[in-house]
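Residue numbers (full-length UniProt numbering): 1 to 1252. A virtual CB, placed ideally from N, CA and C, is assigned to each residue, including glycine. Values in this document were obtained by computation on a predicted structure and should not be read as measured data. This report concerns only the one structure given below.
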Amino acid sequence: MAPVQIGSDGQLVPIGGPTSATQPPPPGPPATQGVRLSLLIEFLLQRTYHEITLLGELKIEIVQFSSRTRQLFVRLLALVKWASNAGKVEKCAMISSFLDQQAFLFVDTADRLASLARDALVHARLPSFAIPFAIDVLTTGSYPRLPTCIRDKIIPPDPITKVEKQTTLNQLNQILRHRLVTTDLPPQLANLTVANGRVKFRVEGEFEATLTVMGDDPDIPWRLLKLEILVEDKETGDGRALVHSMQVNFIHELVQSRLFADEKPLQDMYSCLHSFCLSLQLEVLHSQTLMLVRERWGDLVQVERYMPAKCLTLAVWNQQVLGRKTGTASVHKVTIKIDESDCSKPLQISHDPPLPACDSRLMERAMKIDHLSVEKLLIDSVHARSHQKLQELKAILKSSNPNDSSFIETALPTLVIPILEPCGRSECLHIFVDLHSGMFQPMLYGIDQSILDDIEKTINDDMKHQGALEPKKPKRSGEMSAFNKELAHLVAMCDTNMPFIGLRVELSQMEIPHQGVQVEGDGCSHAIRILKIPPSKGVGEETRQALERSLLDCTFRLQGRNNRTWVAELVLANCPLNSTHSKEQASTRHVYLTYENPLSEPVGGRKVVEMFLNDWSAISQLYQCVLVFSRSLPEMPSYLSLFSEIRLYNYRKLVLCYGSTKGSSVTIQWNSSTQRFHLSLGTVGPNSGCSNCHNIILHQLQEMFNKTPTVVQLLQVLSDTQAPLNAINKLPTVPMLGLTQRTNTAYQCFSILPQSPTHIRLAFRNMYCIDIYCRSRGVVAIRDGAYSLFDNTKIVEGFYPAPGLKTFLNMFVDSNQDARRRSVNEDDNPPSPVGGDIMDTLMSQFQAQQQTMRGGPGGVYPPLTSPPTPYHPNVAPSPSMMPTQSPGALDPSSPYAMVSPSQRGQWPGSPQVSGPSPGARIHGMSPGNPSLHSPIPDASHSPRTGSSSGAMPSSMPPPRKLPQRSWAASIPTILTHNALHVLLLPSPTPCLVPGLAGSYLCSPLERFLGSVIMRRHLQRIIQLEPNLSIVNSNEPGVIMFKTEVLKCRVALNPKTYQTLQLKVTPENAGPWSQEELQVLEKFFETRVAGPPFKYNTLNAFTKLLGAPTNILRDCVRIMKLELFPDQATQLKWNVQFCLTIPPSAPPIAPPGTIAVVLKSKMLFFLQLTQRLPVPQEPVNIIVPIVYDMATGLTQQADIPRQHSSSGAAALMVSNILKRFNELHPARQGECTIFASVHELMANLNLPPGGRQ
């Protein structure tokens, strides 16, 4: 039915009105909402009924209503009849509406196209004809100019290059090393290798696991790439894998799930794999035992108990099983078990009864199962027990015959008993121990077997019967001796030649040409000469040919009487280096290589040849390095020639001595087992016994030399770093107590953290970090290591920026460097924009000029001094690197091109250090001069004023006032080695009277960082102290606070930046004098905020500042006596105000605790030192004093004493204070602290030996 609605006049009209057919419908689908017919009828009925009730008796209105209602219902009837066919009408209406909508769209499109042609396309033109495309198609028959977007949709992108892949893997290696350093690594996983973006853990005899990480986020879990089980059964396994691949995959998934879920993933991985491997090893040993019983030993070994994954117990020498009823020996057991108390241990071996302590080597062999052979373990066990039995038998023989000269052979347990005198070896009685049964078995040449059987039965029945054996009797003159001279000579010749025969066979099998066995000298010695030694792997063809030309002879000889020590003599000529050693001045050099033939190997076996080839490989590798070094000696700078000398080169190692006195040495050797160069450092001459300063970067030097084995580069790094490292080694690294609130926790003052051979990081109390980059020509670059090397706006986690560091370091810059600084106008101007293509061209020209200045690319020195390339290739270098006529241009003779902040892509020796230029983000960078020398003060400090201290370099102009930059300290500051020595060497505090300086001597850098830490502590203390309130200050680096009567200002000394100064101003005109305020300020600078920079000392002083005025003034007067003891010559004692409890104080609190308590009473400590006219050890006592604010009494605190002498001193102090209180009673508002202390210092007399 079509929808209808009621019009305004009450008539029924279709939706859309009576004129909807003549008007075009609006765009969009036709309306489908309407009124249901039933609802319409109900509505009409209700309306009719309502009107009837309202009409009443009005006849005219009734007639009009009837007529109107009749017409309405007639229309309703017509509508009902029409609704039966409304579906077709509705379809037609929809079609008509759709056609009207399409017509409207066509008209609108035409209108829009016409408007576009009249307005927008008036000057439009057709594109040029595709002539190049047509030429390509007509001439070549191809279409090479296809748009790249089509190619990119079809052809996949090119894979990354090998260089990009290697760079990524190197970065991943660095991330893995960082994760390994910062994670909890089990000691059993110490055998690891990081390479190709993977870390490989290898536990010999158990497993090998290869892991990696999928990013640099520390929360990303480890990913197990490969798992290999190394447990092997070499006796019964037939070379097959013991673990099925499906089992390995299951273990792989299990370990990976542990790596995802556990807090200590590597520890859990090791525990899981180690437990599995131990169980597998126990199963292997059990299977070997069963095969041993089945094939060889039979009933001689029995499995007593086997519990999988727990233990395996074996029994040997069981007399009942062997059928020896007369034997008295008990069953001997060997137990192999897994230690349940410590699962990280390998399989444990125990013996029952315990093995005798007869021979440590036999004991050690019988307690190991790393070979994973149960038969070898049983043989080692019974071998030790056999040795014990023979010892017992020998003791019995010795007791019955004191002249007995029998002895025991260890290789095969045998007791050799001489029968005659003299006695040959074949005439001795040999008593063996059967390793399977444990029974004695005698053997003697030329005796019937029946006699031997009787001896065997006698010995085994009762060993004491051995006393019945006949003693030695002299050999009669008529008897024949078993010795034959000709036969002995023949045997000796065979013994001498057999090792050479074996060596000759091995050389022939390994295809090493030789001359065979030759007789030397008088015919008593033999030798084998090798004609050509096989070339070593990893050595260049040029080096191999040079080494072959210099090798004159190679001969193998035997040394010693045991025929097991081989000596290979190499004769070489044309040595590439001339050393200062007295034995290396001849034209030819003799090199002797000694090899001890293993007992398990035949004499002259393959092992000797392999050891020789390994030594030859080491000689070749070192020779290749020395050859390059000898060729670069003429081009080496003169200062390096004076810096070093060649002390020794014997083809196996190269020893170089360096330094001004040549007192330090570095030894270079090739390690064949690790296939790497090994460096060792030492001292010689007058410095012998001292430590080499380069020991702290030994690992970094070794990594650098293995990466680039260039001796000149090594010497360059040693030269650049020796003076800085000598200064760095002067820094205190011993942990100290009492530096923080935790008085029992020790904190390390400086931690030396080498990052590369030329990059040293200093961490101060785990809070501040200083990066030192060693440069050539006697300079270093120093920056704040708390700023990220990749982004100067980010802070390294765990460190805090040191405010004012840039200004402090600029105080040590010498006058020559200070003259190169930029002007203020240059600092305020931003760098000019330069395009990337132009910058690349200028950079290539600049680098070409640098190489020309340094003698061309042929030398070995330019790689150390050329400007480092940016880490990110897309980041354009700073304009400061362009060869422009800038007022800040550097001397071309400088070995290092001074780089701008944007050129900090790679510092020398630290390829990981990179970062974008701060000048790209912050205006004010000079385009003409790099900012390495710019004395930019820190954002939290004002520029320093005044002249430098005596510890600073002379002729230093005051620094300029530059714009504040938060990242100023991240820009390196260049210092000379002398300035660095002054910066790091312990020295007295500048600008202080020697009497006021403390006894703790420290370096300027430690004083600066300590002052910064104390200022940081002060901010925290002010927030915690209720008597102090902070005052806002607009001065950077200044802390202002106030008490009830004083206003305080704390800031670094602007002249030195090495001390923290306090400026005190009274709030109103009170009782304070200028002298008292100066004493308070000087006490703060020298005794509170100075070395060793303790938190509790500062906290105690702030508590004093919050004390009432009369108490604080008395304390200041005591401080004056401490600072200026010579002004009170009439006193018998010197005083020291203890802000923290000293170690010798009464046991009221741990040493280092705050020694000032302010409540209703005041508790503080004083140390009194007796003045003595003659130089001798002074007497010190610690006096705890309590001042009652209510009564005004000053007395000694009642603390139990431990020593009788200290008790006597305390009693005398207490009596003096009591007597003073009685004679001078306190008045209202008067403080008696200073008067009481003055009385004590004037009248205290201790008996001899009385001290605290």
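Beta-carbon separation (whole angstroms), residue i vs residue j, contact threshold 8 Å
i     : j     : result
I772  : L809  : Their Cβ separation, rounded to whole angstroms, is 11 Å, which puts I772 and L809 out of contact at 8 Å.
C693  : N650  : So it is not a contact: roughly 26 Å between Cβ atoms.
L230  : L211  : With 8 Å as the limit, L230 and L211 do not qualify as a contact, their Cβ atoms being about 16 Å apart.
A786  : C769  : 5 Å
A1226 : T1191 : 7 Å
P418  : L390  : That belief does not hold up - the Cβ atoms of P418 and L390 are roughly 15 Å apart, past 8 Å.
T976  : K806  : With a Cβ gap of about 17 Å, T976 and K806 do not count as contacting.
K394  : L415  : 6 Å
L227  : A209  : 5 Å
P535  : R544  : 5 Å
G1152 : N1027 : Not quite, the Cβ-Cβ distance comes to about 23 Å (not below 8 Å), so this is no contact.
H387  : I408  : 7 Å
A195  : N170  : Not a contact, Cβ separation roughly 10 Å.
Endpoints, the beta strand (DSSP E) within which residue i is located
i            : result
V303         : V301 to M307
E206         : First-last for E206: undefined, no H or E at that position.
N597         : Element bounds for N597: n/a, residue is neither H nor E.
I417         : T414 to P418
C1115        : Where C1115 is concerned, there is no enclosing beta strand (DSSP E), although the alpha helix (DSSP H) it sits in stretches over T1109 to L1123.
K1063        : L1060 to P1066
R223         : R223 to I229
D448         : Per DSSP, D448 belongs to no beta strand (DSSP E) and is neither H nor E.
residue 1254 : Since the first residue shown for the chain is 1 and the last is 1252, residue 1254 is missing from the structure and cannot be characterised.
Those residues which DSSP pairs with residue i across a bridge
i     : result
R589  : L572
M736  : Y747
E645  : C657
V519  : H526
G778  : For G778, which the question treats as bridged, DSSP gives no partner whatsoever.
F1165 : C1138 and P1184
H430  : V416 and M443
A195  : R198
R669  : A quick correction: the sequence has Gln, not Arg, at residue 669. Note: Q669 sits in a beta bridge opposite K653 and H678.
C1002 : S987
F556  : I528 and A568
Other residues of its chain near residue i: CB distance less than 8 Å, five sequence neighbours each side excluded
i     : result
S550  : L572, A573, N574 and C575
D184  : K264, L266 and Q267
H526  : T496, N497, F500, V517, Q518, V519, E520, R557 and L558
L577  : V626, F629, S630, I646, Y649 and L654
I1216 : E1239, L1240, N1243 and L1244
P833  : Annotation note: pLDDT 35 at P833 (below 50); position unreliable, coordinate value reported separately. Counting only Cβ-Cβ distances below 8 Å, and skipping sequence neighbours, we find nothing.
Boundaries (first-last residue) of the alpha helix (DSSP H) holding residue i
i            : result
T1051        : The amino acid at residue 1051 is misidentified as Thr; the sequence shows Ala. From DSSP, A1051 is part of no alpha helix (DSSP H) but of the beta strand (DSSP E) over L1046 to L1052.
residue 1292 : Examination of residue 1292 is not possible in this model, given that the chain is present from 1 through 1252 alone.
Spatial neighbours of residue i in its chain, beta-carbon cut-off 6 Å, leaving aside the 5 residues before and after
i     : result
A618  : W670 and S672
E1239 : F1220
Q849  : A caution first: Q849 carries a pLDDT of 42, below 50, which makes its placement in the model unreliable, though a value can still be read off. Counting only Cβ-Cβ distances below 6 Å, and skipping sequence neighbours, we find nothing.
A920  : Note on A920: pLDDT 36, under 50, position unreliable in the model; the coordinate value appears next. Cβ neighbours of A920 beyond the five flanking positions: none.
G778  : T976 and H977
P1125 : N1134
Nonlocal neighbours in the same chain, by C-beta distance under 7 Å from residue i, ignoring five residues either side
i     : result
V1156 : A1100, K1103, L1104, L1139 and F1164
Y49   : none
I1013 : R765, M767 and F1093
May I ask you to verify whether the stretch 336–354 touches the stretch 275–288, counting CB pairs closer than 8 Å and requiring at least 3?
-> A contact between stretches requires three or more CB pairs, one per stretch, nearer than 8 Å, and the stretch 336–354 meets this requirement with the stretch 275–288.
Three or more C-beta pairs closer than 8 Å, one from the stretch 624–632 and one from the stretch 535–552: is that the case here?
-> By the Cβ rule, the stretch 624–632 counts as touching the stretch 535–552, because three or more pairs are nearer than 8 Å.
Taking three-plus beta-carbon pairs below 8 Å as touching, is the stretch 634–652 in contact with the stretch 686–702?
-> Not touching, per the Cβ criterion.
Hey, is the stretch 1056–1064 in contact with the stretch 704–720, meaning 3+ C-beta pairs nearer than 8 Å?
-> Flag = no, the stretch 1056–1064 and the stretch 704–720 do not touch.
The stretch 750–767 / the stretch 1112–1119 touching (three or more Cβ pairs under 8 Å) = Taking 8 Å as the limit for Cβ pairs, the verdict is that the stretch 1112–1119 does not touch the stretch 750–767.
Within the chosen definition, does the stretch 601–620 reach the stretch 502–511 through at least 3 CB pairs nearer than 8 Å?
-> Yes: the two stretches touch, three or more of their Cβ pairs being nearer than 8 Å.
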